[in-house]
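Have a look at the structure below before the remarks.
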Amino acid sequence: MASSFSRILSSKRNVGILSLVGGSVAAGFLLHREHASAGEPLRRRYPASAEYPDLRKHNNCMASNLTPAIYSKLCDKVTPNGYTLDQAIQTGVDNPGHPFIKTVGMVAGDEESYEVFADLLDPVIKERHNGYDARTMKHPTDLDSGKIHSGQFDERYVLSSRVRTGRSIRGLSLPPACTRAERREVERVVVDALAGLKGDLTGRYYSLTQMTDKEQQQLIDDHFLFDKPVSPLLTCAGMARDWPDARGIWHNNEKTFLIWVNEEDHTRVISMEKGGNMKRVFERFCRGLKEVERLIQERGWEFMWNERLGYILTCPSNLGTGLRAGVHVKLPLLSKDPRFSKILENLRLQKRGTGGVDTAAVGGIFDISNLDRLGQSEVQLVQTVVDGVNYLIECEKKLERGQDIKVPPPIKQIK
Amino acid sequence: MTKNCHNDYKMKFTADEEFPDLSLHNNHMAKALTKEIYDKLRGKSTPSGFTLDDVIQTGVDNPGHPFIMTVGCVAGDEETYEVFKDLLDPVISDRHGGYKPTDKHKTDLNFENLKGGDDLDPNYVLSSRVRTGRSIKGFTLPPHNSRGERRGIEKLSIEALASLEGEFKGKYYPLGGMTDAEQEQLIADHFLFDKPVSPLLTCAGMARDWPDARGIWHNDNKTFLVWVNEEDHLRVISMQKGGNMKEVFRRFCVGLQKIEEIFKKHNHGFMWNEHLGYILTCPSNLGTGLRGGVHVKLPKLSTHAKFEEILTRLRLQKRGTGGVDTASVGGVFDISNADRLGSSEVDQVQLVVDGVKLMVEMEKKLEKGESIDGMIPAQK
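Top line first, the protein sequences correspond to chains A and B.
Residue numbering for the first sequence follows the numbering used here, beginning at 1442 and increasing consecutively.
Residue numbering for the second sequence follows the numbering used here, beginning at 2 and increasing consecutively.
Shown next as structure tokens:
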């Protein structure tokens, strides 16, 4: 079974090294994918002006940045495995805008998309990530959890703590574009590696196609089970194709470390636990991630990463760290204060309901997490959440005592 | 020829590695697609770049419909039916009563050949309607077409329809550009079609770029209606209240032929061949693409033990009054022809006219408390 893949990926180590020393990823792949009909333009029947999408009613980052000139320049380009601009932007064309948040409106089909379509992706990244200039800046990666301080929250307020990120397997296309064979290979690579985890990380894999009803119910009760995407943001990008083929969930026996396989990204890695010990959640997160990385490297694979964009994921919003660190926290008084949004904004935090993105808060309990993903390291972002949540709890306590609170000054974004 | 780089890349994986998991599936594609056929066809692509995986994606993503056996595959262009014959011929045969690759399909849009149909009892038959689809030669189909092509289809359609006169004089309403008032009116007239929500269609890519280049045209009399760029390039509908199916069919045939002439003048006639008749996106609509039907009150007959059998023998099917996948309300059913390929338009509408006439008589008998056993028809 591995035969086709070892043929294709015989030079993947070299490609990885090229990327790490800052060589152009696209060039790397063009050199090493000997089968590639890479970069050959598609033959188009209509001129770019006839194909340019109608974005007049649209409000997403893609629509804000896709000029007719950029479209014209990129519309005939294709990545080495055949992904096109029209495919990358389809989700943004089909979904004009989200009422509450400005969506990104495009995805990557593979690692090379970020190079081949850089003329569009760079401005989108800049807009989405607070002015981050992918052409000139470098993204810091830091998974040393020992650096976190004050990472134990008051558990009268913080009910649970969680850190998630995504990781992509270099050499395989991303969920919008992957073939069934590639998706199955992602599953094989990841599940094989996870079987090597030990100690508190020992666990098992539940394939979506093969789990029993009982297993399914347990996973639902544990709030672990992910379902076929229904959001048109994802389905229009082709991420739900062939569902549930090669999708699954792995978790450790202690139910504190969890990996989703082939949902919106190759993998989503989650560390979580009840209570307020964010430091321990992050420690396990970092340890688990590094161990998984070591295990896949042993088998000749690696994660998609480069020094200008950090970890490469499907959605440009998740570049860099791909990290969302958050808590479920009780803030009934603070959340009713008219300054709440401003306080969050200045602390570089966002609020969600306890059902996750696009849900409402229940009983004054909010999901509070970092806003930023790219331009700061994992340690920096988690510290931001720790400091911010501690501040919010202090505000809540002040309001309980009838004292007034202060809106903190905005913290510096890109450090 | 448009190069499909993605398909070339995919060929590096073996057929075994790429073959879809169809173990839980129940649709025509899943029944017909063997590993051998997959292996044989996966390297092919139509001149416009449509591939086997494109054909079958909707069937892979939608394992099965609880009540009806879905087709599970679509065409991306006219050539799909040739290039992927090895899969589509068995699908067509299974779906269309054993239709063979060597069979010829008869087209007959001569409304004068229809016998009767002007005397269906309006106390029972509330409305009559005939619809079909047409694809415009030289353009790829909704699962595959680009925005440029879809706009080209719309432009051509608007020109063609704008030149119609007399009873066919009408107006085009682009979906993206209609006013609220126009939208309200189209909804009230039951004309407005919405963005497809059925995963059978969305997984086949037919809702891409919505509502770009989609629209509705109808005549001033509101009896002849054309949908542009929904599931097919064109859906053509003739309808009116009451039971005068003869008149509905006359207007249908006359209007269709007028439209076809105009498209031919622009060097873009309709896709048609003598084996498959009119070429449409879904293999289930090949042949005539015609669904001729009525909304008819059959509260007693519909609860009769032999109702289903009567329908089968008459070569008819029932739906609720909301169309496919809806339930009937108040004993009112949508009754239409079950066949599309292998018989002509006149044949199929004749079956509807004769069959509905018989069923209304049965209903009347049942109202009087009489038996209908003597009226059960032979298999048509």
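Note that beta-carbon positions come from the ideal geometry of N, C-alpha and C, so glycine has one too.
Computed from a predicted model, the values in this text were never measured in an experiment.
- request: Report the rounded CA-to-CA distance for B:V333 versus B:A182, giving the unit in angstroms.
  value: So the alpha carbons of these two residues sit roughly 30 Å apart.
- prompt: CA-CA distance, B:V56 and B:N114?
  reply: Their Cα atoms are separated by approximately 37 Å.
query: Along chain B, in chain order, which residues have C-beta atoms closer than 9 Å to that of A:D1535?
result: A208, R209, D210, W211
message: At the 9 Å Cβ level, is B:R152 part of the contact set with chain A, yes or no?
response: yes
- prompt: What residue does the alpha helix (DSSP H) around A:Y1647 start on, and which one ends it?
  reply: Element bounds for A:Y1647: not the alpha helix (DSSP H) but the beta strand (DSSP E), 1644-1648.
message: Please report whether the beta-carbon of B:F20 lies at a distance below 9 Å from any beta-carbon of chain A.
response: yes
Neighbour list for B:V333 in chain A, Cβ cutoff strictly below 8 Å: Neighbours of B:V333 on chain A: none; closest Cβ ~33 Å, over 8 Å.
query: What separation, rounded to the nearest whole angstrom, lies between the Cα atoms of B:M421 and B:L359?
result: Chain B is shown only over 2 to 381; residue 421 of chain B falls outside these bounds and no answer can be derived.
query: Does A:V1466 get closer than 9 Å to chain B when you measure Cβ to Cβ?
result: Its pLDDT being 34, under 50, A:V1466 is placed unreliably by the model, and the measurement read from it follows with that caveat. Interface criterion not met: the Cβ of A:V1466 is under 9 Å from no Cβ in chain B.
task: With DSSP as the reference, label A:F1726 as helix, strand or coil.
output: helix
Reference B:R130; option with closest CA among B:K13, B:E371, B:C6, B:V237: B:V237
message: Are the CB atoms of A:R1780 and A:I1846 within a distance shorter than 9 Å?
response: yes
C-beta neighbour in chain A for B:F7, strict 9 Å: Here the sequence assigns His to residue 7 of chain B, which means Phe is not the residue at that position. Cβ-Cβ to chain A under 9 Å: yes for B:H7.
message: How far does the alpha helix (DSSP H) with B:H29 in it extend, from its first residue to its last?
response: Counting along the chain, the unbroken alpha helix (DSSP H) around B:H29 starts and ends at 29-33.
query: Going straight from the alpha carbon of A:D1391 to that of A:K1771, what length do you get?
result: Because chain A here runs from 1442 to 1856, residue 1391 of chain A falls outside it and cannot be looked at.
message: Assuming B:H7 is part of the alpha helix (DSSP H), what are its boundary residues?
response: 6-11
- prompt: Using a C-beta to C-beta distance shorter than 7 Å, which residues of chain B count as neighbours of A:A1491?
  reply: G149, R152
- prompt: So what's A:F1541 in DSSP terms, helix, strand or just coil?
  reply: coil
message: If you reduce the DSSP assignment to three classes, tell me which class B:D22 lands in.
response: Correct three-state label for B:D22: coil.
query: Using a C-beta cutoff of 9 Å, does A:P1851 count as contacting chain B?
result: no
task: Please report the residue range of the beta strand (DSSP E) in which B:F225 lies.
output: 225-229
message: Looking at the secondary structure, which residues open and close the beta strand (DSSP E) in which A:F1807 lies?
response: 1806-1811
message: Does the structure place the region 1698-1712 of chain A close enough to the region 1598-1613 of chain A that three or more beta carbon pairs sit under 8 Å?
response: yes
message: If you measure between the beta carbons of B:L291 and B:G356, is that distance less than 9 Å?
response: no
- prompt: Run through DSSP, which three-state label would B:F112 get?
  reply: helix
task: State the start and end residues of the unbroken alpha helix (DSSP H) segment that holds B:Y173.
output: Here B:Y173 belongs to no alpha helix (DSSP H); instead the beta strand (DSSP E) covers 171-175.
task: Give the residues of chain A in contact with B:I72, contact being defined as C-beta atoms less than 7 Å apart.
output: Note on identity: in this sequence residue 72 of chain B is Val, with Ile being the wrong assignment. Correct list: empty, because the minimum Cβ distance to chain A is about 18 Å.
field: Burial state of B:K11, where buried means 16 or more other Cβ atoms lie within 10 Å
entry: buried
message: Against chain A, with Cβ distances strictly below 9 Å, would B:V61 count as a contact?
response: yes
- request: Report yes if the CB atom of B:M294 is closer than 9 Å to the CB atom of B:G343, and no otherwise.
  value: Checking the displayed sequence, the identity of residue 294 of chain B turns out to be Gly instead of Met. Cβ distance not < 9 Å, so B:G294 and B:G343 don't count as in contact.
field: Start-to-end residues for the beta strand (DSSP E) that takes in A:M1713
entry: Where A:M1713 is concerned, the enclosing beta strand (DSSP E) stretches over 1708-1715.
- request: Taking B:G65 and B:C74 to be in contact with their CB atoms under 8 Å, please state how far apart those CB atoms are, rounded to whole angstroms.
  value: The pair is not a contact, with the Cβ atoms about 14 Å apart (cut-off 8 Å).
- prompt: Taking the beta strand (DSSP E) that A:V1770 falls in, what are its first and last residues?
  reply: 1765-1771
field: Interface partners of B:T35 on chain A, CB under 8 Å
entry: What B:T35 touches in chain A: nothing, since even the nearest Cβ is about 16 Å away.
message: Rounding to the nearest angstrom, what Cα-Cα distance links B:G216 and B:E155 in this structure?
response: 8 Å
- request: Identify the contact partners of A:Q1531 in chain B, using a Cβ-Cβ distance below 7 Å as the criterion.
  value: R209
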